[in-house]
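Chains as they are written, first to last, in this note's numbering: chain C, 187 to 888; chain E, 561 to 736.
Ideal Cβ placement from N, Cα and C applies to all residues, glycine included.
Just so it is clear, the structure is predicted and the values come from calculations on it, not from any experiment.
Structure record follows, encoded as structure tokens.
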């Protein structure tokens, strides 16, 4: 379309062309076209600049390519344009030069001179004719004019007065009644010079010589004779031709600058339009070329930021298309590899979780350490054994833990020492006093080494063997008690009976002094045997498994019932505190009553029946199980620290008399009921015992 | 028959053309236009003429029927086209009526312009063309035909004010 329009404009500059009439419109249309193209190119440049500022993908490539395109298109076009302009101007200038100028003017002058000569000749001829008219009267003059015209060869001859009144007229063409009269400005010349001669174009294409001279007739007013002589056709044609050429040349000469301007304008417009069109096309095609590159850049960025599912559309089957296809294959593979890695890591994670679950559900505590002895992991059992919350464990060293948990200083320190010293698997039994009383741990440690032989950490596994050891001890004591009961109780009755028999038989035969000795001795024997029997009974009671009868017991009722028996003891103040509602356990009421009796008896003895005894019964929750806790405190002298560890073992007593089995029996009964008893070490005044028994139907009873 | 001459213009600059007066008179069945024009050529135009470039003028007369909501409708559009050219051989100006082919030769430019500055009793339209009780508008103007200039001059003629030689409309209203 652009080419068509330019071609039309080029044709229009040929003046003969029919398109000449459309020249202005074509110029306007082409200018508008240029403006539109300029707008398009401008918009494209603006968008590229914006992309450059935003550092968009492919914008720099686009800029560089456009720059190159424009340079490549502009340079030759500018050179061609420059030389075309040069040739154009020189070409147009060469049409005109001084010689042609002068020749043209000379030709015109020559034809004018030739006509002038002819005019002068006709003037002279007419002047001679007037002499013939001068003597004639007006009437005869009228007749004479006809003759004179024919004589002189004029095509028309008219005699008129100064005022313009026609006196006589004669024409070669009889139909011309009205003679051609001179123009106003001819009159002026005529009045001044009494003669007038000029060329007169009578009709468009007919040239005449008009001659007017004054005639001295006999009339008063002067008269004029006008003669119109035809110019010979040959001369007229030549003059016409010269004039035409001259006018044409003069016109061209005059239009020279305009012509140059016009051609320059047309040429500039052609150049501008084709350049702009080229640049625009360059923009469009570069955009098409750069589009896949742009996509590739975006795709690469996406892959760089972790989106491997990026697939780019393949626009063309060229080199860039191949590149895009390769990119797609690459991202595909990366995505596949990533999925595989994910799957593998998920499997590893599953394995880890599985192991963690197993570890968490082990009854043994497991703690792993890193190379700097900081705790990396610890399982649930470890928390349970040490009574330390999960959050406080991880990332700390054992020494740091001792600062916040003073009661654990001993075991933690010894584990730390073992960790640092051991180069191989070690095993150690560690005892310490926990919040629930004495605890015994069996620790096994394994240092971990990397493949290079560097120490990277350690694992410590420990079991709470308190109950196991206690059970072993209990079994041993039970056996001892059973043997004692059996071996000692049997000879006691014959000893007692024999002593009584000695008393009975010998008392009468002895004198009073000896009888008295005997009396006292046998009494001592009997009393001691009684005491021994009692002791052996205690042992057998401790040794034999209790006949348990599982009954629902309300602990508050039971304690209150036992307490009423001791209320009468003056000087002792009992302070009780029970949680509201039922405090039910399942157990043997006789055994539980004995536990309360034993503890109360101990407490009363400790305070020497003077002072205060506090008893509290509460509900507590531990390890998601409901317990009823009995706390019993006195304000006596308390228990010495070194005794606390062994106080529940048989034959340990602080009292002057007693079998030392009271607390051992208590502990046995409580453990048989699935509970626990320990000395409340936090209590600084007097002694305190805590008993926890599993509660029953807590939800129903509350 | 209300013919009122209402001059609505015009800028009489240093050069250009002007409609001095114009009126339509009814004579018999025809309306005749009598008008007077004034021309003042710019230096460029005079120079071009002197160098043999023919100049064209068109005297245009138009009658519109006035409408309220839409644009006016042209019902009559008549024009006379003149050509003035200089003849070097005779040192004369030739005025040619392009419609009738009538030619006049005059020796000065001013007389040539004078020849096209008076329009006398030019029959424009039949009186039956006008309907009673309808408002009409008549207008007369002179158009200098730039498109008739030689091709190289045309772009310049549009860009230079020297070639803006047309007159504005001379308008008046017209009713039967």
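Item: On the CB-based measure, 16 or more other CB atoms within 10 Å of its CB, does residue 308 of chain C come out buried or exposed?; Value: buried
Item: Near residue 387 of chain C, what residues of its chain come up, given a Cβ to Cβ distance below 7 Å and the 5 sequence neighbours on each side ignored?; Value: 393
Item: Does residue 416 of chain C come out as helix, strand or coil in the three-state DSSP assignment?; Value: strand
Item: Cα separation between residue 193 of chain C and residue 450 of chain C?; Value: 15 Å
Item: Comparing the C-beta of residue 267 of chain C with each C-beta of chain E, is any distance below 8 Å?; Value: no
Item: For residue 729 of chain C, is the classification buried or exposed, using 16 other Cβ atoms within 10 angstroms of its Cβ as the cut-off for buried?; Value: buried
Item: Residue 628 of chain E by DSSP, collapsed to three states: which one?; Value: coil
Item: Give the straight-line distance between the Cα atoms of residue 563 of chain E and residue 732 of chain E, rounded to the nearest whole angstrom.; Value: Only weak support is given to the placement of residue 563 of chain E: the predicted model assigns it a pLDDT of 40, under 50, and the value that follows is read from those uncertain coordinates. If you take the alpha carbons of residue 563 of chain E and residue 732 of chain E, they lie about 8 Å apart.
Item: For residue 655 of chain E, return the contacting residues in chain C, with the cut-off set at a CB-CB distance below 8 Å.; Value: None at all; the shortest Cβ gap to chain C is about 12 Å.
Item: Give the single residue among C:250, C:221, C:224 whose Cα lies nearest to the Cα of residue 235 of chain C.; Value: C:250
Item: Hey, residue 758 of chain C and residue 795 of chain C: beta-carbon distance below 8 Å or not?; Value: yes
Item: Hey, out of C:875, C:551, C:444, C:814, whose CA is closest to residue 821 of chain C's CA?; Value: C:875
Item: If you measure from the beta carbon of residue 193 of chain C to each beta carbon in chain E, is any gap under 8 Å?; Value: no
Item: Measuring only the C-alpha atoms, how far is residue 693 of chain C from residue 699 of chain C?; Value: 10 Å
Item: In the DSSP assignment, what are the bridge partners of residue 516 of chain C?; Value: Note: residue 516 of chain C sits in no beta bridge, so no partner.
Item: Can you list, in chain order, the residues of its chain whose CB lies under 6 Å from that of residue 566 of chain C, leaving out five sequence neighbours each side?; Value: 546
Item: Let me know the alpha helix (DSSP H) ranges lying completely inside the region 793 to 844 of chain C, each 4 residues or longer, listed in chain order.; Value: 827 to 830
Item: What span of residues does the alpha helix (DSSP H) with residue 742 of chain C cover, start to end?; Value: 741 to 752
Item: Residue 611 of chain E by DSSP, collapsed to three states: which one?; Value: coil
Item: So which residues on chain C does residue 714 of chain E lean against when the C-beta distance must stay under 7 Å?; Value: 209, 210
Item: Let me see if you follow: with CB-CB separation under 8 Å, is residue 595 of chain E close to chain C or not?; Value: no
Item: So the alpha helix (DSSP H) residue 306 of chain C belongs to, where does it begin and stop?; Value: 284 to 320
Item: At which residues does the beta strand (DSSP E) containing residue 590 of chain E begin and terminate?; Value: 590 to 600
Item: Mind checking which residues open and close the beta strand (DSSP E) that includes residue 664 of chain E?; Value: 663 to 666
Item: Pick out whichever of E:622, E:608, E:643 has its Cα sitting closest to the Cα of residue 633 of chain E.; Value: E:622
Item: Can you tell me which of E:724, E:677, E:714, E:688 puts its alpha carbon nearest to the alpha carbon of residue 590 of chain E?; Value: E:688
Item: Out of curiosity, what's the CA-to-CA distance linking residue 520 of chain C and residue 493 of chain C?; Value: 10 Å
Item: For residue 281 of chain C, count the other beta carbons within 10 Å of its own beta carbon; 16 or more makes it buried, fewer makes it exposed. Which is it?; Value: exposed
Item: Using the Cα positions of residue 570 of chain E and residue 728 of chain E, report the straight-line distance between them to the nearest angstrom.; Value: Only weak support is given to the placement of residue 570 of chain E: the predicted model assigns it a pLDDT of 38, under 50, and the value that follows is read from those uncertain coordinates. Between residue 570 of chain E and residue 728 of chain E, the C-alpha separation is close to 7 Å.
Item: Residues of chain E with a CB under 8 Å from the CB of residue 437 of chain C: which are they?; Value: 611, 612, 613, 710
Item: On the criterion of 16 or more Cβ atoms from any shown chain inside 10 Å, does residue 896 of chain C qualify as buried, or is it exposed?; Value: Any answer about residue 896 of chain C is impossible in this case: the structure gives chain C only from 187 up to 888.
Item: Can you give me, in chain order, the residues of the region 630 to 656 of chain E that have a beta carbon less than 7 Å from any beta carbon in chain C?; Value: 647, 648, 649, 650
Item: With distances taken Cα to Cα, identify the nearest neighbour of residue 652 of chain E among C:289, C:245, C:433, C:791.; Value: C:433
Item: Would residue 261 of chain C pass as a contact of residue 461 of chain C if the rule is Cβ separation under 8 Å?; Value: no
Item: Which of the residues in the region 280 to 306 of chain C, read from start to end, lie with their CB under 7 Å from any CB of chain E?; Value: 294, 297, 298
Item: Any chance the region 598 to 618 of chain C sits against the region 626 to 640 of chain C, with 3 or more Cβ pairs inside 8 Å?; Value: yes
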